[in-house]
Amino acid sequence: MTSIRTRFAPSPSGYLHVGGARTALFNWLYARHSGGSFILRIEDTDKARSTEESIRAIFEALDWLGIDWDEGPFYQSRRMEIYREHIERLVRSGHAYYCTCSPEKIQQMRERAMATGAKPRYDGTCREKGLGPQPGAVVRFKAPYTGTTVLEDVVKGNIVFQNSELDDFVICRSDGTPTYNLAVVVDDLTMEINTVIRGDDHVMNTPKQIQLYKALQAPLPVFAHVPMVLGNDRSRLSKRHGATSVTAYREMGILADALINYLARLGWSHGDQEFFTRQELIAKFDIKAVGKSAGIFDPVKLQALNADHIKACEPSQLAPQLVPFLARLGLEARDDQYLAKVISTLNTRSKTLVEMAEGARFYFLEEITFDEKAAGKFLKPAVAPALESLIQKLEQLEEFSEKALESAFIQVMEETGLKLGKIAQPVRVALTGTSVSPGIFEIIEVLGKSRVIRRLKKALEFIRSRSG
RNA sequence: GGUCCCAUCGUCUAGCGGUUUAGGACGCCGGCCUCUCACGCCGGUAACAGGGGUUCGAAUCCCCUUGGGAUCACCA
Numbered sequence: 008m009t010s011i012r013t014r015f016a017p018s019p020s021g022y023l024h025v026g027g028a029r030t031a032l033f034n035w036l037y038a039r040h041s042g043g044s045f046i047l048r049i050e051d052t053d054k055a056r057s058t059e060e061s062i063r064a065i066f067e068a069l070d071w072l073g074i075d076w077d078e079g080p081f082y083q084s085r086r087m088e089i090y091r092e093h094i095e096r097l098v099r100s101g102h103a104y105y106c107t108c109s110p111e112k113i114q115q116m117r118e119r120a121m122a123t124g125a126k127p128r129y130d131g132t133c134r135e136k137g138l139g140p141q142p143g144a145v146v147r148f149k150a151p152y153t154g155t156t157v158l159e160d161v162v163k164g165n166i167v168f169q170n171s172e173l174d175d176f177v178i179c180r181s182d183g184t185p186t187y188n189l190a191v192v193v194d195d196l197t198m199e200i201n202t203v204i205r206g207d208d209h210v211m212n213t214p215k216q217i218q219l220y221k222a223l224q225a226p227l228p229v230f231a232h233v234p235m236v237l238g239n240d241r242s243r244l245s246k247r248h249g250a251t252s253v254t255a256y257r258e259m260g261i262l263a264d265a266l267i268n269y270l271a272r273l274g275w276s277h278g279d280q281e282f283f284t285r286q287e288l289i290a291k292f293d294i295k296a297v298g299k300s301a302g303i304f305d306p307v308k309l310q311a312l313n314a315d316h317i318k319a320c321e322p323s324q325l326a327p328q329l330v331p332f333l334a335r336l337g338l339e340a341r342d343d344q345y346l347a348k349v350i351s352t353l354n355t356r357s358k359t360l361v362e363m364a365e366g367a368r369f370y371f372l373e374e375i376t377f378d379e380k381a382a383g384k385f386l387k388p389a390v391a392p393a394l395e396s397l398i399q400k401l402e403q404l405e406e407f408s409e410k411a412l413e414s415a416f417i418q419v420m421e422e423t424g425l426k427l428g429k430i431a432q433p434v435r436v437a438l439t440g441t442s443v444s445p446g447i448f449e450i451i452e453v454l455g456k457s458r459v460i461r462r463l464k465k466a467l468e469f470i471r472s473r474s475g
């Protein structure tokens, strides 16, 4: 059995969007699952729209997603000789011919056809002229007029096309460059791609490509056309549906593993399982289990899944990923152990790394500032004795374990007659500046003795300055 | 418009002729837990697009209708 060879072939005319990422992912997963190879090819024959910047953006996105390739990147723009050879081969074998019909004439032909309600197709004027190469001429593929071309698709099943619907499409432009369909086939052929997984917006191209394969006497690859990713209004996902680029989700604090999990689950399923690690995805992914219908991209579910991945991730593993988000807030984490502890108090209450960084703010600030509302509500003279007592108790404590802290609090409660809730909130505001945070014992333990006592004292001063 | 594809809760989906009062997840709504916010736990809401067949029996197979999507370049 020959090994699976898949590929991802984006055209670099913009950032990598989630739909493209999913196509790349399916190809990658299938190759990794089957121990095959995944090849990256950049389809940059359209010089007007291809940019260096887009190419970099694609690499960056794939790199972040952890989708690596075994061969390439190959660039179509550097393979012109190969296309030329194949085009000439097709002309020589009688499968293609030079055509001198002007674009205007073709345009007229099309308009006339439209007007009479007929199919807009090339009328074959030059088909049998036996023209040779000449300036301004294109090369057309001599497509069969009768019969059918069938696409045996792994996800869609058999699709039959009437050859009478197809026409003699251009394979070589008048400037000598190949058109898309020719280039794709030649590339997939020469790169020995045997499994073509791509978006189903390509199904209509496939009969043309199949005919090209046949004319080139090459074996057909296995085709798998995966359904599209739609926006919430069922139309093709685009900018007006919100963020569509892979990088945008990274900026939003989505984990690469979560995006991958979500994208894989969109259109593919493995029973009722929702959460998949990267390894599970590789182990369980099967292109045959991909569904036929298009799916709507749901950022809310992505977030929920992201929360699950954050929870499942070891704090020490998550730390390096959180650092840039802290930096964005002007916060610097110098101590890895401290950061890991911080994360362990935040990972069950954060849906994204952005949220987590915001929640971590008070851990890294030298001087915290009190939120007006929270301070007004909780830092009142009545709690001053409790805070004083707590400071005393904590100063005497050698170890800040949850147990020790709890008993310290209980003592304060007994002394002051206040319920834990009445003490915890003021302490929370004192330590974090806000009324929302992880558990009070947790944050005291992580912050450590000196910070805690300093902040409690500051709160006490605050109360006195206000009441005095 | 032609051609092609698709059709289970709002969304992602399980289901592959009987085990189904159609299951799970997200969302939403209750409740429990509780030092705040979350997490977690428990419960609820909500779907087989419509119509014909085939069959003892259909969400599952066939046909039609409807709805959605894709595509019709010397763009990829």
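The first sequence begins at 8 in the numbering used here and counts up by one.
For glycine and all other residues, C-beta sits at the position ideal for the given N, C-alpha and C.
Just so you know, these numbers come straight off a predicted model, no measurement behind them.
Which residues DSSP lists as bridging residue i, in chain order
i: Leu158; result: Ile166
i: Val236; result: Gly302
i: Pro185; result: Cys179
i: His24; result: Ser252
i: Thr153; result: Paired residue(s): none; Thr153 is not in a bridge.
i: Ala103; result: Phe148
i: Thr13; result: Phe45
i: Trp275; result: Val297
Residue i vs residue j beta-carbon contact at 8 Å
i: Asp175; j: Gly131; result: yes
i: Thr184; j: Thr58; result: no
i: Ala68; j: Ala28; result: yes
i: Ile447; j: Ala431; result: yes
i: Phe407; j: Lys456; result: yes
i: Arg48; j: Ser20; result: no
i: Val233; j: Phe45; result: no
i: Gly206; j: Gly26; result: yes
i: Lys163; j: Lys299; result: yes
i: Leu372; j: Phe332; result: no
i: Ile74; j: Ala38; result: no
i: Ile317; j: Leu325; result: yes
i: Leu158; j: Phe230; result: yes
i: Lys358; j: Ala415; result: no
i: Gly302; j: Gly274; result: yes
i: Thr13; j: Ile204; result: yes
i: Ser18; j: Glu50; result: yes
i: Phe304; j: Leu244; result: yes
Enclosing beta strand (DSSP E) for residue i [first to last residue]
i: Phe385; result: Looking at the DSSP string, Phe385 is not in any beta strand (DSSP E); the run it does join, the alpha helix (DSSP H), is Glu379 to Phe385.
i: Gly366; result: Premise fails: Gly366 lies in the alpha helix (DSSP H), Leu360 to Phe371, not in any beta strand (DSSP E).
i: Ile49; result: Ser44 to Ile49
Per-residue DSSP class, three states only, for residue i
i: Val229; result: strand
i: Pro80; result: strand
i: Ile204; result: strand
i: Leu425; result: coil
i: Phe282; result: coil
i: Thr376; result: coil
i: Val297; result: strand
i: Arg243; result: strand
i: Ala391; result: helix
i: Glu287; result: helix
i: Val443; result: coil
i: Asn354; result: coil
i: Phe292; result: coil
i: Met259; result: coil
i: Lys318; result: helix
i: Glu348; result: Before going further, note that residue 348 is Lys rather than Glu in the sequence given. Helix at Lys348.
i: Phe407; result: coil
i: Ala437; result: helix
i: Gln418; result: helix
i: Glu199; result: coil
Expected contact under 8 Å - CB spacing of residue i and residue j to nearest Å
i: Leu454; j: Glu395; result: With a Cβ gap of about 19 Å, Leu454 and Glu395 do not count as contacting.
i: Val192; j: Gln216; result: 5 Å
i: Met363; j: Leu329; result: 6 Å
i: Pro322; j: Ile294; result: That belief does not hold up - the Cβ atoms of Pro322 and Ile294 are roughly 35 Å apart, past 8 Å.
i: Ala367; j: Thr441; result: 12 Å between Cβ atoms; not a contact.
i: Thr197; j: Ile89; result: 6 Å
i: Glu460; j: Ile417; result: The amino acid at residue 460 is misidentified as Glu; the sequence shows Ile. The pair is not a contact, with the Cβ atoms about 19 Å apart (cut-off 8 Å).
i: Trp71; j: Ala263; result: 6 Å
i: Pro110; j: Ala120; result: With a Cβ gap of about 15 Å, Pro110 and Ala120 do not count as contacting.
Limits of the unbroken alpha helix (DSSP H) element including residue i
i: Met116; result: Pro110 to Ala122
i: Val330; result: Pro322 to Arg335
i: Arg272; result: Ala263 to Arg272
i: Ser472; result: Lys456 to Ser474
i: Pro214; result: Thr213 to Ala222
i: Asp70; result: Glu59 to Leu72
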